[in-house]
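There are 2 protein chains.
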Amino acid sequence: MPEFLTLLPPADALQKLLDHLRLAPVPDQVDTQRALGRVLVSPVIAPHPLPEFPRTTVDGYAVRAANTFGASESLPVYLELIGEVPMGAAPKMSLTSGKCVLIHTGGMLPEGSDAVVMLEYTQPARPQEIEILSAVAVGENVIEIGEDVKDGQEVIPPGTRLRPAEIGGLMALGFTSVAVARRPKVGIISSGDEVIHPGEKPAPGQVRDINAYTLSAAVEGVGGEPVFYGIILDTHQEMRAAAERAKAECDVVVVTAGSSASSRDLTSQILDELGEPGVLVHGVNTRPGKPTILAVCDGVPMIGLPGNPVSALVNTHLFVIPVVKALMGERTTRPQPSLPAKLTINLPSQAGREDWVPVTLESTPEGYIAEPIFGKSNLIFTLSRADGLLKIPADATGLSVGELIEVYLM
Amino acid sequence: MPEFLTLLPPADALQKLLDHLRLAPVPDQVDTQRALGRVLVSPVIAPHPLPEFPRTTVDGYAVRAANTFGASESLPVYLELIGEVPMGAAPKMSLTSGKCVLIHTGGMLPEGSDAVVMLEYTQPARPQEIEILSAVAVGENVIEIGEDVKDGQEVIPPGTRLRPAEIGGLMALGFTSVAVARRPKVGIISSGDEVIHPGEKPAPGQVRDINAYTLSAAVEGVGGEPVFYGIILDTHQEMRAAAERAKAECDVVVVTAGSSASSRDLTSQILDELGEPGVLVHGVNTRPGKPTILAVCDGVPMIGLPGNPVSALVNTHLFVIPVVKALMGERTTRPQPSLPAKLTINLPSQAGREDWVPVTLESTPEGYIAEPIFGKSNLIFTLSRADGLLKIPADATGLSVGELIEVYLM
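So the protein sequences, as listed, match chains Y and H. Residue numbers are given in the working numbering: position 129 of the first sequence equals residue 130, and the series is strictly consecutive. Residue numbers are given in the working numbering: position 52 of the second sequence equals residue 53, and the series is strictly consecutive.
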């Protein structure tokens, strides 16, 4: 049986990992003003309606709608002006039939009024008398109590990642602090005898650590907290000690292995030793990223990423990011940023395997054109030249030139 | 002449503002590890090639390609095994004709070798002798010196917003710190006599400040630094004092006016007084957001946003965010996140005016369906229910049911 039939597709591999986790985000009470991008742990329930009083949406005159019946430019209605609504306070007057009150956008309707005539459809007649040139219906130009939000309504569901609009919504209801999921700590262990710190000068045969930093940046971007455990030599003792420490201190542990098979094998062996059930997935049916390892050790998800940079970053998106989001309880009902684009060339692929190809996007009057960037997956600048990744699904044997595809923005 | 013909379209209004700015981002040297989302001020030039030595992309045997000529399973070639390349060091041996060296993925090719035969196409014959079952071409399974990046090559252009891939690229070249644009300080002044701090309980007629917080969150999201100047009473003296202080201390000043016309007029008057040339645009041909004010005072961009929350946030995206990005020198060649979707209903609009409509997106097997959310623009939860905004261009008189449209994700 060819190997690709024995490897799990990425989505199934991820699900297998998630099935072994008890997902209960830890609440963290933060200032709403600082909560952008954090994930809500409990529903936000409106403690009062919004607005709390009927407001006008225009500048004009608060009236009883019934008094304006039939009003037109040729047959105006005349109403007695009995005052002006102050901004930011309840009007003191109450409106009876035949009267009107000057009111400004956002102002509170006086008792007895039920609509507002826009200034444009009025003109002063005599002192204290206004000519109404257009009829209004009950509720016209008015936001009623509770029209935005009703008392007790769930306004933001748990698992929502807070955007500016939700920050504003929380403030509108007086929630100046909010319970969000604590940032998951993501332990990052670099390995590989050839790998050195980026601050050092590589001797022949050595390369600087890249994966720890693409990974930490990606983790930070979704609200995780990267914790670095340094570059560990490829010995069982050193690697196991680092992995044990990271497992005790973090919510998820990621090992970026060295390029060599022995470095990957060591990672796999240690992830299998550290706790139950150990390695769940060894090898995923995707390119790049076949050697990815997924494990759960005593409830802590542990992921072994391939050593080469493109493969490591693509698989960070496929596995690490979804796990970090799941640990925060994020429910990703929102569409992911992607763009439709036309492919410039034929892209063959192996049936049964999911391929991810870095592409550049060029805007044309007919839409975006996607140009695959070919490069060995060891080339980090392949990715920094890319605008996004396109997926060749496992059930396809490739994509054709001119085909309209989805490109996931990076 | 109808008013909409005298108002500028949003893109022209923005350009008019930008034309009056001297855009020179101030460099800020930061740790590369902390530079996610920051904008590069100068090009990144490779100080050395990448890789710096020829590396193998597979596990196998380093050979002279010429020695494998004609090798096949039925007619193998036999090569003498003279050693193993250690990971992370230069191989000590050098390869002569008829020899091979065991090498692991990522390892450095020994002198004299020019290709690698994958382990799968070899088998041990006698001690120190390897059977080669497949021929390789020169360079096969090898990344040459400079194949990723050449010495002196510009690898990241200035104005790039750094993603995980660029962070990795910088580290690969040994740049552990990087010059990025200083975060522009965005002064935020709230006004409106009806507006109170979100922590207070509104009396009848009062509403909590929303716009300062949606605005600050949006600014923070693109790397600006919000600076709050509090809620200012709608008097000339107070507002002018706050605007002057903000102008002296910040790179851009935004006033979120109260809902009333007098509050907006006061904003406009003060932005016109504070320096040359003063107000450039008073009113933009868009809905929501017509009352937006754009000014430049002695080189400082100053923006007056409409008071109602939906209008304020939409216009934050149209004007404030592009200005903050321009101050950082960001060159937005990257496509913005958007999604194609089918419209569920007819949407009329006024020719000549650009409309922005909040929509929810529903995923179906045929693609996304966009459902407009109708709500008066004073309703903040209209936006928190929305997945994105769709634009009805100024030259359209509306959009038709079933039409394929672009939705900009929020």
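Built from N, CA and C at the ideal position, the CB exists for glycine as well. All values derive from a computational prediction rather than experimental measurement.
Backbone CA spacing between residue i and residue j [nearest angstrom]
i: residue 395/Y; j: residue 284/Y; result: 15 Å
i: residue 293/Y; j: residue 231/H; result: 51 Å
i: residue 384/Y; j: residue 168/H; result: 11 Å
i: residue 272/Y; j: residue 107/H; result: 23 Å
i: residue 281/Y; j: residue 27/H; result: 50 Å
i: residue 239/H; j: residue 51/Y; result: 29 Å
i: residue 24/Y; j: residue 300/Y; result: 10 Å
i: residue 264/H; j: residue 193/H; result: 6 Å
i: residue 66/H; j: residue 184/Y; result: 52 Å
i: residue 110/Y; j: residue 131/Y; result: 18 Å
i: residue 1/H; j: residue 341/H; result: Only positions 2 to 411 of chain H appear in this structure, which leaves residue 1/H out of reach.
i: residue 393/H; j: residue 137/Y; result: 29 Å
i: residue 326/H; j: residue 13/H; result: 17 Å
i: residue 98/Y; j: residue 84/Y; result: 14 Å
i: residue 291/H; j: residue 29/H; result: 37 Å
i: residue 366/Y; j: residue 257/H; result: 37 Å
i: residue 344/H; j: residue 400/H; result: 8 Å
i: residue 198/Y; j: residue 210/Y; result: 6 Å
i: residue 4/Y; j: residue 286/Y; result: Interpretation of residue 4/Y is limited by its pLDDT of 49, a score under 50 that renders its predicted location unreliable; no figure is taken from the coordinates.
i: residue 2/H; j: residue 10/H; result: Summary for residue 2/H: the model assigns pLDDT 38, below 50, so the residue's position carries little reliability, and this model does not support an answer.
i: residue 361/H; j: residue 389/H; result: 7 Å
i: residue 122/H; j: residue 46/H; result: 40 Å
i: residue 70/H; j: residue 113/H; result: 16 Å
i: residue 423/Y; j: residue 134/H; result: There is no way to answer for residue 423/Y, as the model of chain Y reaches only from 2 to 411.
With 16 other Cβ atoms within 10 Å as the buried cut-off, status of residue i
i: residue 139/H; result: exposed
i: residue 331/H; result: buried
i: residue 253/H; result: buried
i: residue 347/H; result: exposed
i: residue 149/H; result: buried
i: residue 118/Y; result: buried
i: residue 76/H; result: exposed
i: residue 339/Y; result: buried
i: residue 356/H; result: buried
i: residue 313/Y; result: buried
8 Å Cβ cutoff, residue i in contact with chain Y
i: residue 166/H; result: yes
i: residue 261/H; result: yes
i: residue 257/H; result: no
i: residue 53/H; result: yes
i: residue 332/H; result: no
i: residue 3/H; result: At residue 3/H, the pLDDT of 46 sits below 50, so the modelled position is not reliable; the number obtained from the coordinates is stated separately. Not closer than 8 Å to any Cβ of chain Y, the Cβ of residue 3/H fails to qualify, so no.
i: residue 60/H; result: yes
i: residue 191/H; result: no
i: residue 149/H; result: yes
i: residue 312/H; result: no
i: residue 329/H; result: no
i: residue 339/H; result: yes
i: residue 128/H; result: no
Minimum Cβ-Cβ distance from residue i to chain H less than 8 Å
i: residue 184/Y; result: no
i: residue 214/Y; result: yes
i: residue 208/Y; result: yes
i: residue 344/Y; result: no
i: residue 322/Y; result: no
i: residue 203/Y; result: yes
i: residue 319/Y; result: no
i: residue 8/Y; result: no
Residue-level contact to chain B via CB, residue i, 8 Å cutoff
i: residue 293/H; result: The structure shown contains no chain B; its protein chains are Y and H.
Near the ligand FAD: residue i beta-carbon under 7 Å from a heavy atom
i: residue 181/Y; result: This structure simply doesn't include the ligand FAD, nor any ligand for that matter.
Between the segment 182-199 of chain H and the segment 236-253 of chain H, do at least 3 Cβ pairs fall closer than 8 Å? Yes: at least three Cβ pairs fall under 8 Å.
For the segment 217-243 of chain Y, list every residue whose C-beta sits within 8 Å of some C-beta in chain H, in sequence order. 217, 218, 219, 221, 222, 235
Hey, is the segment 45-64 of chain H in contact with the segment 214-221 of chain H, meaning 3+ C-beta pairs nearer than 8 Å? no
Just by C-beta distance, which residues in the segment 369-403 of chain Y are closer than 9 Å to chain H? 369, 376, 377, 378, 379, 380, 381, 382, 383, 384, 385, 386, 387, 388, 389
Mind checking the segment 153-165 of chain H against chain Y and listing, in chain order, the residues whose C-beta falls within less than 7 Å of any C-beta there? 156, 157, 164, 165
When you check each C-beta in the segment 72-105 of chain H against every C-beta of chain Y, which residues fall closer than 7 Å? Of all residues in the segment 72-105 of chain H, only 88, 89, 90, 91, 105 come within less than 7 Å of chain Y when Cβ atoms are compared, listed by chain position.
Contact between the segment 164-178 of chain Y and the segment 69-80 of chain Y is defined here as three or more beta-carbon pairs at a separation below 8 Å; is this criterion met? Fewer than three beta-carbon pairs drawn from the segment 164-178 of chain Y and the segment 69-80 of chain Y are found closer than 8 Å, and the two stretches are therefore not classed as touching.
Any contact between the segment 87-103 of chain H and the segment 203-211 of chain Y? By contact I mean 3 or more CB pairs, one from each, below 8 Å. yes
For the segment 350-364 of chain Y, list every residue whose C-beta sits within 8 Å of some C-beta in chain H, in sequence order. 362, 364
Identify each residue in the segment 168-180 of chain Y for which the Cβ-Cβ distance to at least one residue of chain H is less than 7 Å, and report them in chain order. Residues 168, 169, 170, 172, 173, 175, 177.
The segment 27-49 of chain H: which residues have C-beta closer than 8 Å to a C-beta of chain Y, in chain order? 33, 34, 37, 38
Taking only beta carbons into account, state which residues of the segment 107-141 of chain Y come closer than 8 Å to chain H, listed in chain order. 107, 108, 109
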